Amino acid sequence: MELYYIFNVARGHRFHVEVSITLMLLFIFSNE
Numbered sequence: 001m002e003l004y005y006i007f008n009v010a011r012g013h014r015f016h017v018e019v020s021i022t023l024m025l026l027f028i029f030s031n032e
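Just so you know, UniProt numbering puts 5 at position 5 of the sequence shown, and the rest follows in order with no gaps.
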């Protein structure tokens with residue numbers, strides 16, 4: 001899954017953690 005890939009990338013880049021969380025929230029809201 002793309003989200004899983006984003007999460008793995010975020011683990012190596014602390015700044016991207018916030019971005020990945022934002023993308024996950026947007027993804028969840030988009031499905032609802």
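C-beta atoms are modelled at their ideal positions from N, C-alpha and C, and glycine is treated no differently. Being a predicted model, the structure only gives us computed values, none of them experimental.
Put residue 68 into one of helix, strand or coil per three-state DSSP.
Because residue 68 is not part of the residues shown, which for the chain are 1 to 32, the question remains open.
Item to check | Sequence-distant residues of its chain with Cβ nearer than 7 Å to Ile-6 (five each side left out) | outcome: Ser-20 and Leu-23
Whole angstroms is fine: what's the gap from Glu-2's alpha carbon to Gly-12's? 16 Å
- Task: Can you give me the Cβ contacts of His-29 inside the same chain, cut-off strictly under 6 Å, excluding the 5 residues immediately before and after it?
- Result: It is worth fixing the name first, because residue 29 is Phe in this sequence and not His. Around Phe-29, the same chain offers no residue with a beta carbon nearer than 6 Å, after the five sequence neighbours per side are excluded.
Item checked: Under the three-state DSSP convention, the category Glu-32 falls into -> coil
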